[in-house]
Amino acid sequence: MLAAAADWPAGIATLRRASLRWTYLGIGLLLLEGVVTALRFRVLVRGRVRISSCLLANAWSVLLLLVLPARLGEVASVGAIVRYMDQPGGVAVASLLFQRVFDLILLAGLLVLLTILSAGEGPVQVLFPLALAMLSALLAVLFGIGRILTFMAALCNRWRRFA
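Under the numbering used here, residues 132 to 294 are what the sequence shown spells out, in order.
Okay, here's the thing in structure tokens:
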């Protein structure tokens, strides 16, 4: 149904105008992100896991996140970790939780950096609320991260007993 609604001639024309250098750079960055995420999977799980298994679990996780609605891909990603990396379900859930916390920290850092880099450019009506929002997000992350990590450590200990 989506394919029938697409404007294929306009899409093809846009692809022809695209710079190959930027296209290759984007593909390279996506591949690098996949490798980094697979390495993060490997660090966060128990035991020695082959990098190829981590790459396969990551590929399935990304595909499931894209295909399934309403963040159900996160739940299905647990199944990919269990199946391809031979990990207990509790370890897989803890791994995904830790990854989301790391992503949140990186996102808050990038937003603060963006606010700093854009200081002085643009109207005050835009920059001031943006700076306040970034400061609020950073404070929420800094004060909440200890609680989140303590909670996740308790969950990991509980799940380790069931594994």
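Where a beta carbon is used, it is the ideal one built from N, C-alpha and C, also for glycine.
None of the values given here were measured: they were computed from a predicted structure.
Worksheet item: In this structure, does DSSP put R171 in helix, strand or coil?
Response: If DSSP states are grouped into helix, strand and coil, R171 belongs with the helices.
Worksheet entry | Span of the alpha helix (DSSP H) around G210 | Residues L203 to M216.
Fill in: Rounded straight-line distance, which links the Cα of L241 to that of F172
F172 and L241: Cα-Cα distance of roughly 22 Å.
Item to complete: Can you say whether S178 is buried or exposed, counting buried as having 16 or more other CB atoms within 10 angstroms of its CB?
Response: In the sequence on display, residue 178 carries Gly and not Ser. The residue in question, G178, is exposed, as its Cβ has fewer than 16 Cβ neighbours within 10 Å.
Worksheet item: So which of S226, G221, P219 and W191 has the shortest CA-CA distance to A211?
Response: Of the candidates S226, G221, P219 and W191, the residue whose Cα lies closest to the Cα of A211 is W191.
Worksheet item: Would V167 pass as a contact of M216 if the rule is Cβ separation under 7 Å?
Response: Result no, Cβ atoms of V167 and M216 do not sit closer than 7 Å.
Practice prompt. Go ahead and pull the three-state DSSP assignment for V315.
Written response: Outside the shown range of the chain (132 to 294) lies residue 315, about which nothing can therefore be said.
Discussion item. Tell me the DSSP secondary structure of G178 in three-state form.
Written reply: In the displayed model, G178 falls within coil according to three-state DSSP, outside both helix and strand.
Discussion item. Just to confirm the assignment, what range does the alpha helix (DSSP H) spanning P140 have?
Written reply: First-last of the alpha helix (DSSP H) with P140: W139 to R148.
Fill in: Where V209 falls, given that 16 or more other Cβ within 10 Å makes a residue buried
Burial call: buried.
Worksheet item: For V213 versus A223, is the C-beta spacing smaller than 7 Å?
Response: With respect to A223, V213 sits close: the two C-beta atoms are nearer than 7 Å.
Practice prompt. Determine the DSSP secondary structure at L199, reduced to helix, strand or coil.
Written response: L199 falls in the coil class under three-state DSSP.
Worksheet item: Which whole-angstrom value describes the C-beta separation of L186 and G165, a residue pair presumed to lie in contact below a C-beta threshold of 8 Å?
Response: Contact holds; Cβ gap of about 7 Å.
Fill in: Contact belief for V176 with Q218 at Cβ below 8 Å, rounded distance in angstroms
Correct: roughly 5 Å between the Cβ atoms.
Worksheet item: In chain order, what residues of the same chain have a beta carbon less than 8 Å from the beta carbon of M265, not counting five sequence neighbours either side?
Response: Only A239, L242, V243, L245 and T246 meet the Cβ criterion.
Item to complete: Name the residue from L162, A169 and L160 whose alpha carbon lies nearest to the alpha carbon of I182.
Response: Taking only the C-alpha atoms, the option nearest I182 is A169.
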